[in-house]
Amino acid sequence: MGQEFRYPCPIEIGKLLWFIGVIVAVVLTFQHFELPYGNIISSLSSAQKDLGAGNSSFLPHGASPTHEMLSNMTQSNGLNYTAGGQETGDNHGTETPANVNNGVVSEGSRGMNESSLVDSRGEESSLDELVDTNTNSTLHVNNDVGSEGFKSLNKSSGIDNHGRESSPEQLLDQNENSTLELNRSGNGSASIETDRSLSRENITSTSENIGTSQAGITPIAPALPPVDSPSNISIPRNAEPSTIAPVVPVESNTSKMDKDASPGLENDGKAGEQLNNSTSLQNNTSVTSVREVKKEPHTPSPAVISISEMNNLQLQSWSSPISRRPRWPSAVDQELLNAKSQIQKAPLVESDSMLYAPLYRNISMFKKSYELMEDILKVYIYKEGERPILHQAPLKGIYASEGWFMKLLEANKKFVTKDPKKSHLFYLPFSSRNLEVNLYVPNSHSHKNLVQYLKNYLDMISAKYPFWNRTRGADHFLVACHDWAPSETRQHMANCIRALCNSDAKGGFVFGKDAALPETTVRTPQNLLRDLGGKPASQRSILAFFAGRMHGYLRPILLQHWGNKDPDVKVFGKLPKVKGRGKMNYPQYMKSSKYCICAKGFEVNSPRVVEAIFYECVPVIISDNFVPPFFEVLNWESFAVFVLEKDIPNLKNILLSIPENKYREMQMRVKKVQQHFLWHARPVKYDIFHMILHSVWYNRVFQVHPR
1436 MGQEFRYPCP IEIGKLLWFI GVIVAVVLTF QHFELPYGNI ISSLSSAQKD
1486 LGAGNSSFLP HGASPTHEML SNMTQSNGLN YTAGGQETGD NHGTETPANV
1536 NNGVVSEGSR GMNESSLVDS RGEESSLDEL VDTNTNSTLH VNNDVGSEGF
1586 KSLNKSSGID NHGRESSPEQ LLDQNENSTL ELNRSGNGSA SIETDRSLSR
1636 ENITSTSENI GTSQAGITPI APALPPVDSP SNISIPRNAE PSTIAPVVPV
1686 ESNTSKMDKD ASPGLENDGK AGEQLNNSTS LQNNTSVTSV REVKKEPHTP
1736 SPAVISISEM NNLQLQSWSS PISRRPRWPS AVDQELLNAK SQIQKAPLVE
1786 SDSMLYAPLY RNISMFKKSY ELMEDILKVY IYKEGERPIL HQAPLKGIYA
1836 SEGWFMKLLE ANKKFVTKDP KKSHLFYLPF SSRNLEVNLY VPNSHSHKNL
1886 VQYLKNYLDM ISAKYPFWNR TRGADHFLVA CHDWAPSETR QHMANCIRAL
1936 CNSDAKGGFV FGKDAALPET TVRTPQNLLR DLGGKPASQR SILAFFAGRM
1986 HGYLRPILLQ HWGNKDPDVK VFGKLPKVKG RGKMNYPQYM KSSKYCICAK
2036 GFEVNSPRVV EAIFYECVPV IISDNFVPPF FEVLNWESFA VFVLEKDIPN
2086 LKNILLSIPE NKYREMQMRV KKVQQHFLWH ARPVKYDIFH MILHSVWYNR
2136 VFQVHPR
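In the numbering used here, the protein residues as written are 1436 to 2142.
What follows is the structure, given as structure tokens:
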């Protein structure tokens, strides 16, 4: 009986050995033809070696064998890892950089465990080399995974990209701008693999190209701060991948594709085509679809900041005390804090003989602020510097605002002090117009020497006086009306309060710090109020009027749609000089029109805004993202019409939709607000000189915060 039992055993063992041999042969054949990195055994061993370098244990003491999903991590034969963008953290409206380079994807991940990277040519490269190659690329990435898995991280140790053990802070510094390579299949197409988990307790590896090569490897990511990502994106905790994978544009530092920075996409036609036409593989949640971003000419951003949004930005800026506290205290700081408190608690103003309430955002705060300015404000003017760039500015033409303000302030004895220790504000008396006239080299297309001149001036006063260094320039201000002033001052004078005619909300204008300066045309300095006023509302027979040179892209569009097209809408190029009875010149057109079109030229600002008010014509401002003068106190929508640039074809319908009684109310308000836009040889209360000074004062007061 024992003999009968013995014979089947060798037979069964033989079958088993034969079956195992067949399986081994199939696996070796499969990996020989399909896997790109050679022997599967060596791949597994190298993966374990790389992951284990410098760290004998990946699990913290007492960790559960069932590890948590910490990030979207892909292991490809122990070489490459990809971490998904984290949905926590606040990056103040910026987006996390991400790069594509022939199958290379960077999601701005920080603190990844990396031993080596493969570049677009299939060669191994260091992390720094690959980052340099992909700095300027742009892509659209599907963020398929939520952020719940990022809440529990290994805080004990991390592995840097050299296999050494590093602290999370060190690892963050090393990997802040890292670019992570994804597998490329043999035919040149981009294969993007990602492990995904919708549960914090289970991990399912679904990457079909990896197979069982990940068995026994349990990498734990180090504890890191949240990766910067768009703050307005939220992902449901248990959402399905198909519902949480919108294509999100992620921009690099230059926000456009650079051919030199991504040679793989430009030189490898197959890879580029595969990226451009890539589709998500069905039943494979580890595949992230990637869409190529084509290089296109720069076009203006379509987004327009509305007046109400501008107001919100200003209030947000004033509420943030970051980088505005002086390096050492001064008595003037407390005076500004006291003024701020009084303005915020201003008594209610029900009526005022000089101020019409609907014109202001808050008439009570404005009146209190203006009174405090008159009572306590002291300004110190630096005497250093030579004419004509310093202490001299034009008093005629479209740049006259900076000239008249300089002239009137330097002659003022009420606000100007000779003791800088008592000063609340410090005036930098340079002319942006004279800077351009005297230093710009024609056709050089370079402002470097102009910027250097201003830097040398600042270096001189900061070396001679301690006041610039005390606040880093926060209590210093400039008044500049040339179009180039924002770019000339944004580097070395960035902390200053800049009163700018070119007040572009998307061109460097800082809400809550900078002030919008009125651009005024002074034709006769000897008679600043010549031709003031216009016809009564009932006698204005022209619906809308514009005339001017075809500067910029917008005015030709306006002329194309309305030039000699409609008798009610008078749109011309530059008007010829005319004399004689019955011939209309520029001021007469404005005096006879209900609405005066203020279309931007090369920049957002135009002297027509103030001209319209001067001639008592309701301004129609067609200039997206233009910050109007004295924006912090005036309610511009109560006496002006704002038309989006895209709505030029519908301009007449927009104006006709305004009821007659509403127009008359706006025209009456234009006449009442006019006092704030008039120059006087000797300044008067609430005139343009005082309003410019008040804008600077008001911004400075609300920048100050308790220590």
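In this text, a Cβ means the ideal position worked out from N, Cα and C, and glycines have one as well.
Residue i - containing alpha helix (DSSP H), residue span
i, result
"LEU1993", "1989-1997"
"VAL2004", "Segment 2004-2007 is the beta strand (DSSP E) holding VAL2004; no alpha helix (DSSP H) there."
"LEU2128", "2123-2138"
"ALA2047", "2043-2049"
"ASP2082", "Segment: none, ASP2082 is in no alpha helix (DSSP H) and carries neither H nor E."
"ALA1898", "1883-1899"
Helix, strand or coil at residue i according to DSSP, with G and I counted as helix
i, result
"PRO1971", "coil"
"PHE1980", "strand"
"GLY1908", "coil"
"ILE1740", "coil"
"ALA1940", "coil"
"ALA1920", "helix"
"VAL2105", "helix"
"ILE2089", "helix"
"ASN1618", "Summary for ASN1618: the model assigns pLDDT 36, below 50, so the residue's position carries little reliability; its value from the coordinates is reported in the next sentence. ASN1618: coil per DSSP, three-state reduction."
"PHE1454", "helix"
"SER2028", "strand"
"ALA1929", "coil"
"LEU1913", "strand"
"VAL2078", "coil"
"LEU1963", "coil"
"PHE2061", "strand"
"VAL1957", "strand"
Rounded straight-line distance, which links the Cα of residue j to that of residue i
i, j, result
"VAL2076", "VAL2053", "7 angstroms"
"PHE2065", "TYR1892", "28 angstroms"
"TRP1753", "TYR1900", "28 angstroms"
"GLU1954", "ASP1768", "32 angstroms"
"ILE1679", "SER1743", "Note that ILE1679 scores a pLDDT of 30, beneath 50, so its modelled location is shaky; the value from the coordinates is reported in the next line. The straight-line gap from Cα to Cα measures roughly 32 angstroms."
"ASP1910", "ILE1932", "7 angstroms"
"LEU2079", "SER2058", "7 angstroms"
"SER1897", "LEU1750", "31 angstroms"
"LYS2087", "LEU1978", "8 angstroms"
"ASN1774", "SER2130", "The residue asked about is misnamed: residue 1774 is Ala in this sequence, not Asn. Roughly 15 angstroms between the two C-alpha positions."
"PHE1840", "PRO1782", "31 angstroms"
"TYR2121", "GLU2072", "20 angstroms"
"LEU1967", "ARG1905", "45 angstroms"
"LEU2128", "MET1808", "9 angstroms"
"VAL2045", "ALA2034", "13 angstroms"
"SER1858", "LEU1812", "8 angstroms"
"TRP1903", "PRO1855", "11 angstroms"
"GLY1943", "LYS2014", "43 angstroms"
"ARG2099", "ALA1972", "6 angstroms"
"LEU2007", "VAL1945", "It is Phe, not Leu, that sits at residue 2007 in the sequence shown. If I take the Cα positions, the gap works out to 34 angstroms."
"TRP1763", "PHE1912", "20 angstroms"
Reference residue i, options the options, closest by Cα
i, options, result
"LEU1964", "PHE1980, VAL2039, ARG1868 and PRO2118", "PRO2118"
"PRO2002", "ASP1918, PHE1980 and GLU1954", "PHE1980"
"MET1789", "TYR1815, GLN2110, LYS1857 and ARG1796", "GLN2110"
"ILE2093", "LYS2029, TRP2071, SER1776 and LYS1803", "LYS2029"
"LEU1870", "GLU2067, ALA1781, TRP1919 and TYR2050", "TRP1919"
"ILE1798", "ILE1811, SER1765 and VAL1784", "VAL1784"
"PHE1801", "LYS1818, ILE1816 and GLN1779", "GLN1779"
"LEU2144", "TRP1903, VAL1872 and PHE1865", "No information on residue 2144 is available, as it lies outside the stretch 1436 to 2142 that the chain covers here."
"LYS2012", "CYS1936, HIS1996, LYS1831 and ALA1982", "ALA1982"
"TYR2021", "THR1956, ASN2060, VAL2068 and HIS1986", "THR1956"
"PRO1823", "VAL1872, ALA1792 and LYS1853", "VAL1872"
"LEU2113", "VAL1459, ASN1746, ASN1962 and ASN1884", "ASN1962"
"VAL2068", "ASN2134, GLY1987, VAL2039 and VAL1461", "ASN2134"
"SER1867", "TYR1834, GLY2008 and TYR1817", "TYR1834"
"LYS1970", "LYS2107, TYR1795, TYR2024 and GLY1838", "TYR2024"
"ASN1747", "ILE1816, GLN1777 and ARG1796", "ARG1796"
"HIS1882", "ASN1847, ALA1846, GLN1926 and ASP1894", "GLN1926"
"GLY1832", "SER2041, ILE1740, TYR1815 and VAL2055", "SER2041"
Any chain D beta carbon closer than 8 angstroms to residue i
i, result
"GLU2038", "Protein chain content of the structure displayed is limited to a single chain, and chain D is not contained in it."
Near the ligand SAM: residue i beta-carbon under 7 angstroms from a heavy atom
i, result
"HIS1826", "Absence of the ligand SAM is noted for the structure shown, with no ligands found whatsoever."
Start-to-end residues for the beta strand (DSSP E) that takes in residue i
i, result
"ILE2057", "2053-2057"
Ordered list of alpha helix (DSSP H) runs contained in the region 1749-1797, each at least 4 residues: If only uninterrupted alpha helix (DSSP H) runs of at least 4 residues are considered, those enclosed by the region 1749-1797 are 1766-1779.
Inside the region 1803-1878 only - beta strand (DSSP E) runs reaching at least 3 residues: 1814-1816 and 1860-1862
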